[in-house]
Amino acid sequence: MRQINWVKRFRLVSTLVSITVLTGCASVNFDRSISQTNENIPGFTQGKLELALTEEQHIARKQSTQELLQRELGQGEAVQLALLNSPAMQTLLADNWSFAAKAAQSGRISNPVFMFERMSYPNELELVRMISFGLLDVLTLPQRYGIAEKQLEQAQTKLVADVVDEITRVRQSWVRAVAAQQTLIYARQVNEVAKVSAELARRLQSVGNFTKIQRARQQAFYADSATQLAIAEHAVTASREALIRTLGLTFDQAQKLRLPERLPNLPKMPLSPQEVSQSVSSNRIDIKLAQSGLEVAMKKQGLNNVTSFTDIELGLRNKNVYDNETGSNTPGRGYEVSIRLPIFDWGDMQRDAMNAQTLAAVNRLESAYRVTESSLRENYSAYRTNFDIAKHYRKEVVPLRKVISEENQLRYNGMMIGVFELLADAKDMVNSVMLSINADQQFWLADAAMQATLLGRPTATTSDSIKTQVSGGSSDAVH
């Protein structure tokens, strides 16, 4: 009978050992996770996303960074530079690795506890050995392993989402920096025109050919242009420094940063609604995050319904009693079961919390479904509207301003208008070019946001830029 009991115990221990070994499956291969991210979003990472862990990797990345900084930095090169050089990007990867490792850890059984006890009596020596473990940990292993697997899927989706967000910030920072640099050139031209106009007005007033109010108008024009020039100069500094921070450049690296003189040309044709519909990812990031969050919450709720009531600990005990007088050894074997009694806490608050989390996850998924189409429509509207405005400035407004300037030059040569009318027209011409640059900037910002939206990471759009372009399109000529 005793042999049968020990056979049963051996089978139990063997089963527990086997289950413990199986928990090794809940692990993280972060290199594979990064490779999968490169495969999922090649248009963003260009296959170059990497977590630098070795000295050789750091040296290679530093050399590649120096090579990129030796030439003019386009938008694609800016993304490469951020992937190679940005500590924020490396922090993002390390944080995701930590999140994934913690998720995998939750799917493993806690280590058993070994206890050794030695009690000495006048005539006896007692040695007790016991190994104990959480019985519920073993019984709920399949559920916890399933939760860990879902959390690992969630971590992978979160990694893709974070990388898309970071690269979108890089793209938009680059657009702002180049546009600010381009705008400054024309702000200086306006300031020069205003300076000449103000000086000429001063001289004409001094000889009695200009009234006080006429001179004041020209001086106000000059004062306003000086203010706009200061704003443009600060915009260059602010946008450039924002790009430097996004790229993670050091002071020495920042000194080598060279940007193009102008933004890229507009695409010949914008994305059509049909192309957008075809380009929308079937596995949208926002939907996948919400779905995985709901699945994790539901699995946790099922597990919590058991673990919130009680906990059970099982211990296998082996005991030897040595009689000092007779020299005999009396062995003893047995087990202990410890149960946490739900007297003061029935776990109802834990269950309520899990119910609330599941309810929140359900509504979060429903919200994601509803917001997805709306955000796509909004971002596409911003993309298409800014494209049309930018094209309108390039094809209509700026060419018309150029025709007006040429005609006014002829009228000036024919002494039909004065120099101040000619200067005012030059100011209007430059302002139109500046508005055209701003329209190009807003389009490329919307384009970067659109690329992220197609994957399921919508970037908030605003109509302020469009309002600015519309209100800025009219400029008061100074006569």
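Read in order, the letters of the sequence shown are residues -26 to -1, 1 to 453 in mature numbering (1 follows the signal peptide of the UniProt record, and there is no 0). Where a beta carbon is used, it is the ideal one built from N, C-alpha and C, also for glycine.
From the options, residue whose alpha carbon lies closest to that of residue i
i           : options                : result
residue 470 : L233, V210, A426, A200 : The structure shown does not extend to residue 470, since the chain is modelled only from -26 through 453, so no value can be given for it.
L158        : A56, E207, K76         : E207
E310        : R291, A172, D297       : R291
E51         : R232, L109, K76, L126  : R232
E24         : H32, I8, Q37           : I8
V167        : V181, T142, D198       : D198
Q20         : L58, K262, L109, Y357  : L58
V393        : N85, R92, A172         : A172
S147        : A212, Q192, Q128       : A212
F361        : S312, Y386, R338, P238 : P238
L27         : D5, N14, Q10           : D5
E299        : I313, N3, S255, N97    : N97
T332        : G306, K273, I33, K376  : K273
I313        : N329, P305, P86, I286  : I286
S1          : K76, N14, R375         : K76
R368        : S355, I411, S72        : I411
P234        : Q156, D297, Q44        : Q156
CA-to-CA distance, residue j to residue i, given in whole angstroms
i           : j    : result
N257        : M243 : 27 Å
Q275        : A204 : 59 Å
S266        : L217 : 34 Å
S246        : I378 : 34 Å
L409        : V164 : 13 Å
T185        : Q179 : 6 Å
residue 515 : V210 : Absent from the model: residue 515. The displayed extent of the chain is -26 to 453, so no value can be given.
D399        : S406 : 11 Å
L113        : V280 : 11 Å
D319        : T284 : 9 Å
A434        : A413 : 18 Å
L428        : V250 : 8 Å
M89         : R82  : 22 Å
Y343        : E269 : 16 Å
A60         : L115 : One point to set straight first is that residue 60 is Ser, not Ala, in the sequence displayed. Those two C-alpha atoms are separated by around 40 Å.
E46         : A420 : 23 Å
G108        : D322 : 22 Å
V295        : G289 : 19 Å
Q193        : P241 : 41 Å
R176        : A190 : 9 Å
R338        : A364 : 37 Å
I105        : L66  : 41 Å
K230        : Q40  : 9 Å
P316        : S282 : 9 Å
D402        : I187 : 21 Å
F417        : Q248 : 19 Å
Residue i and residue j closer than 8 Å at C-beta
i    : j    : result
F18  : V152 : no
S349 : P432 : yes
Q227 : R145 : no
L397 : N382 : no
V404 : Y196 : no
A327 : A271 : no
A74  : L263 : no
T224 : A56  : no
I261 : T359 : no
S80  : R118 : yes
L133 : N70  : yes
L42  : Q54  : yes
A422 : N353 : no
A62  : E13  : no
R325 : N278 : yes
D111 : S94  : no
Bridge partners - residue i, DSSP secondary structure assignment
i    : result
G289 : S106, E310
Q85  : At residue 85 the sequence reads Asn, which differs from the Gln that was named. Answer is none; N85 lacks a bridge partner.
Y160 : Looking at the DSSP assignment, Y160 forms no beta bridge with any residue, so it has no partner.
F18  : In DSSP, F18 forms no bridge with anything.
R297 : The amino acid occupying residue 297 in the given sequence is Asp; Arg does not appear at that position. In DSSP, D297 forms a bridge with E98.
R92  : L101
T304 : V295
The ligand FMN heavy atom lying under 7 Å from the CB of residue i
i    : result
L428 : Only the bare structure without any ligand can be found here, which leaves the ligand FMN out of the picture.
Task: Those runs of the beta strand (DSSP E) which lie wholly inside the stretch 356 to 435 and span at least 3 residues - done: none
Task: Ordered list of alpha helix (DSSP H) runs contained in the stretch 190 to 232, each at least 4 residues - done: Runs of the alpha helix (DSSP H) inside the stretch 190 to 232: 225 to 229.
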